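**Q**
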Amino acid sequence: MLLSLVVPFYNEEDTVDHLFSRVVPVLESLDGLDYEIVCVDDGSRDATLGKLQIERRRFGKVKLVELSRNFGKESALTAGLDESNGDVIVPFDADLQDPPEVIPRLVEKWRQGYDVVLAQRVDRNTDTFAKRKTAAMFYRVHNALAPQHIPENVGDFRLFTREVLEALKLLPERQRFMKGLFAWVGFRSTVVEYVRDARIAGRTKFSGWKLWNFALEGFTSFSTLPLRVWTYVGSTVAAFAVLYGAFIVVRTLLKGNAVPGYASLASIILFLGGIQLIGIGVIGEYLGRVYFETKHRPIYLVRRRYDPIEALAQQSYTAAPDTADAAARWTGKPRPATT
Ligand code: UDP
Ligand code: MG
1 MLLSLVVPFY NEEDTVDHLF SRVVPVLESL DGLDYEIVCV DDGSRDATLG
51 KLQIERRRFG KVKLVELSRN FGKESALTAG LDESNGDVIV PFDADLQDPP
101 EVIPRLVEKW RQGYDVVLAQ RVDRNTDTFA KRKTAAMFYR VHNALAPQHI
151 PENVGDFRLF TREVLEALKL LPERQRFMKG LFAWVGFRST VVEYVRDARI
201 AGRTKFSGWK LWNFALEGFT SFSTLPLRVW TYVGSTVAAF AVLYGAFIVV
251 RTLLKGNAVP GYASLASIIL FLGGIQLIGI GVIGEYLGRV YFETKHRPIY
301 LVRRRYDPIE ALAQQSYTAA PDTADAAARW TGKPRPATT
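If you number the sequence shown the way full-length UniProt numbering does, the last residue is 339 and the count never jumps.
Pasting the structure below:
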């Protein structure tokens, strides 16, 4: 049995060393379970790739996928999942916010027969107050809108079986809101609780604006309620308009036509204009996504793949120009001629 640890990296040069020195002993300690570490370099502009090459030589069992540019975490994770061969798969953040020591507990639950083992944060004290509040609000809104609930305070850190991964691959969408996709495929799942640490080094890649758009992605991917609600908003406003219209007619008949009414007229027009624009905006959110889905662009592009060194050592050196290139880049020496 093989466990694939899938790690996306984007400008993580300061965390790479920490990550491997902490993760490898844990993976080595797993009884009866071999492992591979699938690293995805998501178009990093710092020394991340070079550092990953070093770790790959040091530890072996490391598969490296270099994307052609930065595609974002969800796409990078998708790339890693596509490359992994494991019977069980564990997505993992590079910044060690999720302690690798939890992995044996996930494996234990899987051995008890679960397909998905979610790691749930019991305490988010390492997050800022604002982040905790907005996260709580996101889960509340999402779960009110979407038919498949996503469990609260569960990130991408989890363990799942190959069957689940194959099911996930059947979902063809380009906008990959992973948490939601996982919830959608279902399977037998359970939860393991843990405490999330602060980042070991480096900075978070998710600003408030990015998170807001991420939340929109979640809402629009799994619910059309925001679209449909306008039927009801419109009907309610129209019903009030009819009542108000009748009121004006009756009043005019009884009391004659009093000209004043400019203020109420202006506010009604502005109010309705605003409502209509919001409705159009919501349609726009969906239409924009439909537009991109219909383009069928690939979710990510791979610049180069580096297989685990151990596997390649059995082949001839010239048969694997990839490794030669990698080694050249790593040592700074020119690449040996491959004839
Ligand atoms: N990440 C990525 N591509 C991106 C942004 C982030 O591969 O465009 C990776 C990042 O290197 C890390 C993981 O996604 O391994 C989680 O990112 P981060 O820790 O910044 O997110 P946070 O924990 O703050 O939500
Ligand atoms: Mg993080």
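Virtual Cβ for every residue (Gly too), placed ideally from N, Cα, C.
Values in this document were obtained by computation on a predicted structure and should not be read as measured data.
Applying the 10 Å Cβ sphere with the 16-neighbour rule, what's the burial state of residue 161?
**A** Sequence index remark: in the sequence shown, residue 161 carries index 161 (1-based). Residue 161 should be labelled buried.
**Q** Count the other C-beta atoms from every protein chain shown that fall within 10 angstroms of the C-beta of residue 166, then say buried if there are 16 or more, exposed otherwise.
**A** By one-based count along the sequence shown, residue 166 stands at place 166. Under this definition residue 166 is an exposed residue.
**Q** Please report the distance separating the alpha-carbon of residue 214 from that of residue 99.
**A** In the sequence shown, counting from the first residue as 1, residue 214 sits at position 214. In the sequence shown, counting from the first residue as 1, residue 99 sits at position 99. Cα-Cα distance, rounded: 24 Å.
**Q** By a C-beta neighbour count over all protein chains shown, 10 Å radius and 16 as the cutoff for buried, is residue 340 buried or exposed?
**A** Past the boundaries of the shown model lies residue 340; the chain is included only from 1 to 339, so the question cannot be answered.
**Q** Report the residue ranges of all beta strand (DSSP E) runs contained in full by the region 66-119; include only those spanning at least 3 residues, in chain order.
**A** Correct list: 88-91.
**Q** Relative to the C-alpha of residue 39, which candidate in 56, 25, 97 and 240 has its C-alpha closest?
**A** The residue you call residue 39 lines up with position 39 of the sequence shown. Out of 56, 25, 97 and 240, 56 has the C-alpha closest to the C-alpha of residue 39.
**Q** Name the DSSP beta bridge partners of residue 340, please?
**A** The question about residue 340 has no answer here: the residues shown for the chain are numbered 1 through 339.
**Q** Kindly identify the DSSP beta-bridge partner or partners of residue 304.
**A** Here the question's residue 304 lines up with position 304 in the sequence shown. BP columns for residue 304 point to 66.
**Q** By the DSSP assignment, the alpha helix (DSSP H) with residue 33 in it spans what residues?
**A** Counting from 1 along the sequence shown, the entry for residue 33 is found at position 33. Neither: residue 33 is in no alpha helix (DSSP H) and is coded neither H nor E.
**Q** How many angstroms separate the CA atom of residue 66 from the CA atom of residue 267?
**A** By one-based count along the sequence shown, residue 66 stands at place 66. By one-based count along the sequence shown, residue 267 stands at place 267. Taking the straight line from one Cα to the other gives about 56 Å.
**Q** By a C-beta neighbour count over all protein chains shown, 10 Å radius and 16 as the cutoff for buried, is residue 284 buried or exposed?
**A** Mapped onto the sequence shown, residue 284 falls at position 284. With fewer than 16 other Cβ atoms within 10 Å, it is exposed.
**Q** Going along the chain, which residues of its own chain have a beta-carbon closer than 6 Å to the beta-carbon of residue 4, five neighbours each way excluded?
**A** Along the sequence shown, one-based indexing puts residue 4 at 4. Closer than 6 Å at Cβ, skipping near neighbours: 36, 38, 84, 86 and 89.
**Q** Buried or exposed: where does residue 142 fall if 16 or more other Cβ atoms within 10 Å of its Cβ makes it buried?
**A** One-based indexing of the sequence shown puts residue 142 at position 142. So residue 142 ends up on the buried side.
**Q** Please identify the residue among 289, 223 and 158 whose C-alpha is closest to the C-alpha of residue 194.
**A** Residue mapping note: residue 194 aligns to position 194 of the sequence shown, counting from 1. Closest by alpha carbon: 158.
**Q** Give the C-beta separation of residue 91 and residue 6 to the nearest angstrom, bearing in mind that I take them to be a contact with Cβ-Cβ under 8 Å.
**A** On the sequence shown, residue 91 is found 91 positions in, with the first residue counted as 1. On the sequence shown, residue 6 is found 6 positions in, with the first residue counted as 1. About 5 Å; that satisfies the 8 Å criterion.
**Q** Do you know whose CA, among 248, 239 and 22, lies nearest residue 256's CA?
**A** Start at 1 with the first residue of the sequence shown, and residue 256 comes out as number 256. Of the listed residues, the one whose Cα sits closest to residue 256 is 248.
**Q** Quick check: is any heavy atom of ligand 2 less than 8 Å from the C-beta of residue 42?
**A** Start at 1 with the first residue of the sequence shown, and residue 42 comes out as number 42. Result no, Cβ not under 8 Å from ligand 2.
**Q** Tell me, please, whether the CB atom of residue 187 is closer than 9 Å to any CB atom in chain D?
**A** Any reference to chain D falls outside this structure, which holds one protein chain only.
**Q** Between 197, 275, 274 and 60, which lies nearest to residue 307 when the distance is taken from Cα to Cα?
**A** Start at 1 with the first residue of the sequence shown, and residue 307 comes out as number 307. Minimum Cα distance to residue 307 is reached at 60.
**Q** Pull up the distance between the alpha-carbon of residue 32 and that of residue 119, whole angstroms please.
**A** Here residue 32 is taken as the residue at index 32 of the sequence shown, counted from 1. Here residue 119 is taken as the residue at index 119 of the sequence shown, counted from 1. Approximately 22 Å between the Cα atoms of the pair.
**Q** Per DSSP, what kind of secondary structure is residue 236 in: helix, strand or coil?
**A** The residue labelled residue 236 in the question sits at position 236 within the sequence shown. Helix, per DSSP.
**Q** For a quick check, are the C-beta atoms of residue 18 and residue 198 less than 9 Å apart?
**A** As a first step, residue 18 must be located in the sequence shown, where it is residue number 18. As a first step, residue 198 must be located in the sequence shown, where it is residue number 198. Cβ distance not < 9 Å, so residue 18 and residue 198 don't count as in contact.
**Q** Name the one or two DSSP bridge partners that residue 168 has.
**A** One-based indexing of the sequence shown puts residue 168 at position 168. According to DSSP, residue 168 bridges with nothing at all.
**Q** For residue 122, which of helix, strand or coil comes out of DSSP?
**A** Your numbering for residue 122 matches position 122 in the sequence shown. Strand, per DSSP.
**Q** So what does DSSP say about residue 3, is it helix, strand or coil?
**A** As a working note, residue 3 is residue 3 in the sequence shown. Strand.
**Q** Take residue 218 and list the residues in its own chain whose beta-carbon comes closer than 6 Å to its own, dropping the five residues that flank it on each side.
**A** Sequence index remark: in the sequence shown, residue 218 carries index 218 (1-based). Here the set comprises 142, 177 and 180.
**Q** Determine the contact status of residue 171 and residue 81, defining contact as a CB-CB distance below 9 Å.
**A** Here residue 171 refers to the residue found at position 171 of the sequence shown. Here residue 81 refers to the residue found at position 81 of the sequence shown. Taking 9 Å as the Cβ cut-off, residue 171 and residue 81 do not qualify as a contacting pair.
**Q** Report the start-end ranges of each beta strand (DSSP E) in the region 124-210 that is 3 residues or longer and not cut off at the edges.
**A** List check, beta strand (DSSP E) in window: 154-161 and 189-195.
**Q** Hey, could you find the ends of the alpha helix (DSSP H) residue 341 is sitting in?
**A** Any answer about residue 341 is impossible in this case: the structure gives the chain only from 1 up to 339.
**Q** Return the residue from the list 237, 288 and 232 that minimises the CA-CA distance to residue 273.
**A** Taking the first residue of the sequence shown as 1, we reach residue 273 at position 273. Residue 237 is the option with its Cα nearest to residue 273.
**Q** With distances taken between CB atoms, is the gap from residue 109 to residue 190 smaller than 9 Å?
**A** As a position in the sequence shown, residue 109 is number 109, starting the count at 1. As a position in the sequence shown, residue 190 is number 190, starting the count at 1. Contact: yes.
**Q** Buried or exposed: residue 240, going by 16 or more other Cβ atoms within 10 Å of its Cβ?
**A** Here residue 240 is taken as the residue at index 240 of the sequence shown, counted from 1. It is exposed - the Cβ of residue 240 has fewer than 16 other Cβ atoms within 10 Å.
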